[in-house]
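K.L.:
Numbering (this note's numbering), first residue to last: 303 to 433. Cβ coordinates follow ideal geometry from the N, Cα and C atoms, glycine included. Computed from a predicted structure; not experimentally measured. Okay, here's the structure, questions in a sec.
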Amino acid sequence: MLATGTHSAAGNAYRVQAVESASPAQLVLMLYDGALGAIAASTRALTADQRDLATAHRELTRAQDIILELQLSLDHDRGGEIASSLEGIYGFCIDRLTQANVKKDMHPLADVTRFITELRDAWVVAMGSAT
303 MLATGTHSAA GNAYRVQAVE SASPAQLVLM LYDGALGAIA ASTRALTADQ RDLATAHREL
363 TRAQDIILEL QLSLDHDRGG EIASSLEGIY GFCIDRLTQA NVKKDMHPLA DVTRFITELR
423 DAWVVAMGSA T
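Listed below in structure tokens is the structure:
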């Protein structure tokens, strides 16, 4: 039991260090990855052979929180039309995650996964162009 707790503490310390040393662009990438990971975990929890509703709820809520944080961080003054478009996409994703959570249905998650994956991939390209 101690080894598991020590291992978990070491993992948490590593994650904290990674976040604290990340650039703002890297933080956005980490948020996209976190949202996709939570969506994948909730999808696994909602499959017929492993229907774990508590895990599904926790992971869907985590994905919603991450996407809400992305939405709240938008700078409409500097981002203009792009920020407005992202706000709409994030709002749509939050709505679909809410539907999946309320209905315990993984089908709305395909839309969210597609949008967040496309945004993540575009963000990686933009990060590469900025260097």
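#1: Tell me the start and end of each unbroken alpha helix (DSSP H) in the segment 369-424 that is at least 4 residues and wholly inside, in chain order.
#2: Have a look at residue 372 and residue 392 and give me their C-alpha separation to the nearest angstrom.
#3: Excluding the 5 residues flanking residue 411 on each side, which residues of the same chain have their C-beta closer than 6 Å to its C-beta?
#4: Indicate the three-state DSSP secondary structure (helix, strand or coil) for residue 434 in the structure shown.
#5: Given that a residue counts as buried once 16 or more other Cβ atoms are within 10 Å of its Cβ, and exposed if not, what is residue 380?
#6: With a cut-off of 8 Å, does the C-beta of residue 398 fall near any C-beta of chain D?
#7: If you draw a straight line from the C-alpha of residue 298 to the C-alpha of residue 343, how long is it?
#8: So, helix, strand or coil for residue 354, using DSSP?
#9: Here's the rule: buried if 16 or more other CB atoms are within 10 angstroms of the residue's CB, otherwise exposed. What is residue 398?
#10: Using CA coordinates, which residue listed in 334, 339, 349 is at the minimum distance from residue 407?
#11: Any idea if residue 428 is buried or exposed, counting beta-carbon neighbours within 10 angstroms, 16 or more meaning buried?
#12: Roughly how far, in whole angstroms, is the beta-carbon of residue 365 from the beta-carbon of residue 337, given that I think they are within contact range, below 8 Å?
P.N.:
On the basis of the data shown:
#1: 378-405
#2: 8 Å
#3: 341, 345, 402
#4: Look at the range of the chain in this structure, 303 to 433, and you will see that residue 434 is not part of it.
#5: exposed
#6: You won't find chain D in this structure, because it holds only one protein chain.
#7: No answer is possible for residue 298: the residues shown for the chain start at 303 and end at 433.
#8: coil
#9: buried
#10: 349
#11: exposed
#12: 5 Å
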